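In what follows, a structure is listed as structure tokens, so that the remarks can point back to it.
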Amino acid sequence: MGDVLLTLDGRQIHAQTGATVAAAIMNNEVMTFRQSITGDGRGPLCGMGTCWECRVTVDGRAHVRACMEPVRDGMEIQTVPAAWYHPPKGWDRCGSREELSADVVVVGAGPAGLAAALAAAMSGSKTLVIDENPTSGGQIWRADRVAGPTRRATALRQAAEDAGARFVHASVTEATLDEIVAVRPDTRPLQIRSTTIVLATGARETWSPFPGWTLPGVVGAGGLQALVKGGLHIRGRRVLVAGHGPLLLAVAAYLRRRGADLVGIAAGWSRGRERALLPRLLTRPSKLRQAASLLSSLRGVRRWYDARLISASGPDQVRTATIRADGSDHTLDVDYVAYGCHLVPQTELARGLGCHIDRSAVLVNDLLQTSVDGVFSAGEATGIGGVDLALVEGTIAGYAAAGRHDQARRHLRRQRRERRFADAVTRAFVEPMGPESLHGDTVICRCEDVSWRSLSCFEGANGARDGKLATRCGMGPCQGRVCGPINQAMLGWAHDRVRPPLQPTSVETLVQRGARENEHD
Amino acid sequence: MTASPDVLVVGAGIIGAACALRLTEEGMSVAVVDRPRPAGGTTAAAMGQITVMDDSDAQGALTLWSQELWDALAPSLSAIEHDPCGTLWVATNDEELDEARKKEQWYAAHGIESSLLHPGALREAEPHLNEDLVGALHVPGDSVVYPPNAALSMLEHAVRAGATVTTGCEVRSVDASHAVLADGSRLHAGAVVCAAGNHTLGLLPRPIPGAAIRPRKGHLAITERYPGLLRHQVVELGYLRSAHGHEDVSVAFNGQPRTTDQVLIGSSRQYDRTSDNVEPDVLARMLARACRFIPALATCSVVRCWTGFRPATPDNLPLVGPAPDAEGLWLAAGHEGLGITTSLGTAQLITDGILGRPSAIDAAPYLPDRFAENSHG
């Protein structure tokens, strides 16, 4: 791993090859990546490209997600608020539209997508997998800059490729029943025609806002793990892990292995419910081993149960965090808060295709077909259930998408078994989200700085449209991916309509995407 | 709404909201009804320019008067993001520059400040415009607002003055002095103002000869925040050709700086579309047109795209005034792409009409029965 030399706000810095821009910035003690529209300093939150909090100017191109961008030699990074505008350095027109076709297009190369691709390709379907990360594995098997790609992800991808599946690195911006449109890292649009789609779009973290949650250094739990995998130095840093959901323990163990100084785990769940998982664990030896290894790696780490994060403070970045547990408040000195309130399925693409959504997840039948003909969904998108459930669902969806219903059905029993286990894990670790920690001026929509005070009057299903129009809540670059689940939980908002582009897309890309055949230039 | 109000306003878009505001200011009791929500239709999708347009004398009179009313009202409205950015009508060739000169004369004749900018001055005024532009007409008095909040704020004022606003009210038909709801019940009022945009004519008891409102689809895109990229509303001089043309799809560049530092990009026009989906090829043409005028836009990020349906009439003028043969029923609809601008003039015409007094401008060009007269005349 060699060094690259780049500039950050005019000074030269070093970064390790393969690191993300986000990691390079934070490793140089800069935590504030941008100013919010009301002048708040902001830094990375999700670590996986959905929240857009980490956007910086790279080589003159504004609003680049630092967590998704690898460092390059000679790169110029600016975190300073842009009061100017320059066309990007070395910018050239993006190339014209590229067109591909397949029988089955799998969106997402996490465990579900990889399993689906393998099953579909083995069934003889021309299979194409599209993912916005350069390395397959999704979030759970995200490649580690130090340790390299996850072994299971590499093996599964290799098997799928050997069976004939093709992998494409691009972000999906639009989908219809006939075609999927995506953007290549070089901003070139890609159009894929197919008859069958498998949505393996995974999940993202969600958060119950509290005063101080927008401070740089308050990062998603999975978000901090992703940043560390992207090269962020965490050794010796004091980290409070807080929130709920089974991911927290895995993240805590990971961070500790990487040398973080865990000041504690403020668990939102109760000790009793955690213990109630034991009988089910005893029936699943492999999971019992995983749990035992997890607990042993967290030995000696302070844990609070029924705990809640009350506030985070520090003038410019998080310095202290206060939790409420055991009937009293504890204020802890921290460098990072790794905070998460479990996961929500990523359903934007499914909703854009018209698929029915049930309790925030894509509604599927037993063979994982959605309410729309020719569209299947597998893994976390159909309901949070973890990697083992995602793998078996991917296999079912892949066979079903290739028309091999007999093969698909062979895996239904295993799916039911994994689903039962996943439900038990949810009961043990997941809490309902409520507005207990909110203050009137707590920011809900971080893109547009919309406060709880200005949103709380928009209750009910219609609130989504009314609240958005009146306050701009959800109209920023994350397109409601962060505040949407919060408002659904707190205010009962319905999902709002999904319109392309599904994520911010350059003007030039949209021009090339919609150009008629004879208009290419 | 137990007692009948003096006026029932059907539709809580910008037109209905403005009418409700003016009517309550005159001391009348007003009830406003709308189907899903206030400002949820064309108003929610609109760009929000407050612009004087010279495409006909009647359009000029209404937009000019409306702009004066806006300038007076805007400071009292909240969160409307009123930006007095002015308009640059930009020319790509000498022919268009001639057009700009004619425009300048028209504005001067109507007492509106405007000035021709040569290329150097244009570059200074708007540094990121394409260097090949041959000049522009600068109209400093134009401004932009955020339409949904403009309508909501007007409604808020009206409510404070005693008006009621009821949503979830699906009106099936209107007649002199009442509206019939989907459940068959009737809302009675001294007068009814039908300001239901594209739906207006379908609610009337009988058709108005020659009058028509055709939904005219438009696409819009809004960028991320780019401080300093755009300072003025920029419109290509070919805009009116697009607005009045009858091609299947026409696009013309109209870019607006928003107070959020975002750039709002229009415009496209299409008749006979029923789906409100964003059409990639139309969007592409519209954005390519925008890049022709502001090349730096090419690398900017678009955060959202959407569509809306302008209520278009055969002569590009709105239908404002009494419905023929139904005394007490008034129309305020068909404003095409100028509803935000002309909402206040429209509301004043309606208010004056209901009170039986003359208006500051001649109301005749906008009367809903004008088409029948023309056919006889």
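Chains A and B, in that order, are what the protein sequence lines are.
Our numbering numbers the first residue of the first sequence as 951 and each following residue consecutively.
Our numbering numbers the first residue of the second sequence as 26 and each following residue consecutively.
All residues carry an ideal CB built from backbone N, CA and C; glycine is no exception.
Predicted model, so just to flag it, every value in this text is computed and none were measured.
Per DSSP, cross-strand counterpart(s) of residue i
| i | result |
| --- | --- |
| A/Glu1026 | A/Thr957 |
| B/Gln295 | B/Lys242, B/Val274 |
| A/Leu1472 | Beyond the ends of chain A as shown, which are 951 and 1471, falls residue 1472 of chain A; an answer cannot be given. |
| B/His213 | B/His203 |
| A/Thr1007 | A/Gln1028 |
Chain A within 8 angstroms of residue i, Cβ atoms only
| i | result |
| --- | --- |
| B/Asn174 | yes |
| B/Tyr251 | yes |
| B/Asp306 | yes |
| B/Leu154 | no |
| B/Gly38 | no |
| B/Gly41 | no |
| B/Trp331 | yes |
| B/Gly65 | yes |
| B/Val199 | no |
| B/Arg239 | no |
| B/Arg256 | no |
| B/Ser140 | no |
| B/Val184 | no |
| B/Ser326 | yes |
| B/Val303 | yes |
| B/Asn110 | Residue 110 of chain B is actually Cys in this sequence, not Asn. Answer no: the Cβ-Cβ gap between B/Cys110 and chain A never drops below 8 angstroms. |
| B/Arg62 | yes |
| B/Ala69 | yes |
Environment of residue i [buried if 16+ CB atoms lie within 10 Å]
| i | result |
| --- | --- |
| B/Cys325 | buried |
| B/Pro339 | exposed |
| A/Asp1399 | buried |
| A/Gly1390 | exposed |
| B/Gly111 | buried |
| A/Arg1143 | exposed |
| B/Lys127 | exposed |
| B/Asn279 | buried |
| A/Thr1123 | buried |
| A/Cys1407 | exposed |
| B/Ala385 | exposed |
| B/Asp167 | buried |
| A/Gly1074 | exposed |
Range covered by the alpha helix (DSSP H) that runs through residue i
| i | result |
| --- | --- |
| A/Phe1371 | 1362-1379 |
| B/Glu93 | 82-98 |
| A/Trp1157 | Premise fails: A/Trp1157 is in no alpha helix (DSSP H) and is neither H nor E. |
| B/Tyr132 | 119-134 |
| B/Asp306 | 305-318 |
| A/Val971 | 971-976 |
| A/Ala1119 | In the sequence under discussion, the amino acid at residue 1119 of chain A is His, which differs from the Ala named in the question. A/His1119 -> not in any alpha helix (DSSP H); beta strand (DSSP E) instead, spanning 1116-1119. |
| B/Tyr391 | Run containing B/Tyr391: none; DSSP gives neither H nor E here. |
| A/Arg1107 | 1101-1112 |
Beta carbon proximity, residue i to chain B, threshold 8 angstroms
| i | result |
| --- | --- |
| A/Ala1033 | Note on A/Ala1033: pLDDT 47, under 50, position unreliable in the model; the coordinate value appears next. Yes, contact with chain B. |
| A/Val1457 | yes |
| A/Leu1127 | no |
| A/Ala1069 | no |
| A/Gly1464 | yes |
| A/Met1425 | yes |
C-beta atoms of residue i and residue j nearer than 8 angstroms
| i | j | result |
| --- | --- | --- |
| B/Leu87 | B/Thr225 | no |
| A/Ala1420 | A/Trp1443 | no |
| B/Arg335 | B/Gly362 | yes |
| B/Ala358 | B/Gly222 | yes |
| A/Asp1094 | A/Thr1077 | no |
| A/Arg1377 | A/Arg1138 | no |
| A/Cys1004 | A/Thr1156 | no |
| B/Val218 | B/Cys44 | yes |
| B/Ala56 | B/Ala186 | no |
| A/His1183 | A/Gly1218 | no |
| A/Gly1341 | A/Arg1369 | Note that residue 1341 of chain A is Leu in the sequence shown, not Gly. No. |
| A/Gln1028 | A/Thr1000 | no |
| B/Val184 | B/Asn118 | no |
Boundaries (first-last residue) of the beta strand (DSSP E) holding residue i
| i | result |
| --- | --- |
| A/His1280 | 1278-1283 |
| A/His1194 | 1188-1194 |
| A/Val1213 | 1211-1217 |
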